[in-house]
Amino acid sequence: MPARPLNEIMAADWAHALAPVEENIRAMGNFLREEHAAGRATLPPASVIFRAFERPMSEVKVLVIGQDPYPTPGHAMGLSFSVQPDVRPVPRSLQNIYKELHTDLGITPPAHGDLSAWSNQGVMLLNRVLSVGAGDAGSHRNKGWETITTCAITALAQRGTPLVGILWGADARKCKPLLGGYPCVESAHPSPLSASRGFFGSRPFSHTNDLLIQQGAQSVNWQLPASA
875 MPARPLNEIM AADWAHALAP VEENIRAMGN FLREEHAAGR ATLPPASVIF RAFERPMSEV
935 KVLVIGQDPY PTPGHAMGLS FSVQPDVRPV PRSLQNIYKE LHTDLGITPP AHGDLSAWSN
995 QGVMLLNRVL SVGAGDAGSH RNKGWETITT CAITALAQRG TPLVGILWGA DARKCKPLLG
1055 GYPCVESAHP SPLSASRGFF GSRPFSHTND LLIQQGAQSV NWQLPASA
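For our numbering, add 874 to where a residue sits in the sequence shown, where the first one is 1.
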């Protein structure tokens, strides 16, 4: 991870919001460099670890909290649930998200799994943990990322502007207290192991838009382009 000032790797308002945990970010950079020195590959590439923070915090109106990046090389690209445009097949959790998108809004999903179009509309796709060991899901949990993402989520909740949280699964739902009184759309995780236990049929996309409109914000166009 580049040892650069925060304002060079993320939007200015995010750099300001995360200034209290800048030392934690540096510590995570050191951790990743130690992993690489030991011959352990990590994901995603350093250049996109903070991809979720490239769009200004002031634009964020929906927060989708994921767990940690996809551990398959070539998949993770710095946005939760999203993958590089050329990844085929789309990961099964994302396939289930697409199924629910079609059920909820009648949207036919694209062949690719790049969710950048959502991010560009103010949907922050934030993993709770921003890195992972290649082929080793969950391997960077409790290493320090949680302190950083807690700071980010708290900063969003303190702005006083419209926001909806989308919390899929137990790990994400633990973050609800950080969002203060903002409304949240909650359900089981879309993974194949749990999607049938409350994710399917939850209609998160239409519910999110309803909650945005209630707050006086513009709804999200969840349609993704046919090609990324």
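Where is the CB? At the ideal position from N, CA and C, for every residue including glycine.
All values reported here derive from a predicted model rather than from experimental measurement.
Going by the DSSP bridge assignment, what does I939 pair with across the sheet? Residue pairing by DSSP places I939 opposite L1000 and L1041 in a beta bridge.
Straight-line CA distance for I981 to A991? When rounded, the distance between both Cα atoms is 14 Å.
G1007 bridges to which residues according to DSSP? G1007 pairs with T916 and D1010.
Measure the alpha-carbon distance for A1046 versus R966 and round it to whole angstroms. Answer to the nearest angstrom: the Cα atoms are 18 Å apart.
Could you check whether the stretch 949-958 touches the stretch 994-1010, counting it as contact only if at least three pairs of C-beta atoms, one from each stretch, sit closer than 8 Å? Short answer: they touch.
Unbroken alpha helix (DSSP H) run spanning S1061, endpoints: Unbroken run through S1061 is the beta strand (DSSP E), C1058 to S1061; no alpha helix (DSSP H).
Which residue comes first and which comes last in the alpha helix (DSSP H) that contains Y972? Y972: member of the alpha helix (DSSP H) spanning R966 to L979, first to last residue.
Which residues in the same chain have their Cβ closer than 8 Å to the Cβ of T1028, if we skip the five residues on either side of it in sequence? Around T1028, the same chain offers L1052 as residues with beta carbons nearer than 8 Å, after the five sequence neighbours per side are excluded.
Could you tell me which of R962, G1090, M884 and L975 sits nearest to M931, measuring between CA atoms? With distances taken between Cα atoms, M931 lies closest to M884.
Classify V957 as helix, strand or coil using the three-state DSSP reduction. Here V957 carries a strand assignment [DSSP, helix/strand/coil].
For S841 versus L1085, is the C-beta spacing smaller than 7 Å? The structure shown does not extend to residue 841, since the chain is modelled only from 875 to 1102, so the question has no answer here.
Suppose the cutoff is 8 Å on Cβ atoms and the five residues either side in sequence are ignored; what does the same chain contact list for R929 look like? The beta carbon of R929 sits closer than 8 Å to those of A885, S993, N994, G996 and M998, all from its chain and outside the five residues before and after it, given in chain order.
Are the beta-carbon atoms of V895 and P943 separated by less than 7 Å? Inclusion of V895 and P943 in the CB contact set at 7 Å is not warranted, their separation being larger than that value.
Cβ contact check for the stretch 1058-1075 and the stretch 912-931: 3 or more pairs under 8 Å: At 8 Å Cβ cutoff, the stretches do not touch.
Excluding five sequence neighbours on each side, which residues of the same chain lie with their C-beta closer than 7 Å to the C-beta of H1014? Only D942, V1003, S1005, V1006 and G1007 meet the Cβ criterion.
Around the C-beta of N1083, are 16 or more other C-beta atoms found within 10 angstroms, so that it is buried, or is it exposed? Per the 10 Å Cβ criterion, buried.
With a threshold of 16 other CB atoms inside 10 Å of the CB of G1103, please say whether the residue is buried or exposed. Residue numbering for the chain in the displayed model covers 875 to 1102; residue 1103 lies beyond these limits and cannot be assessed.
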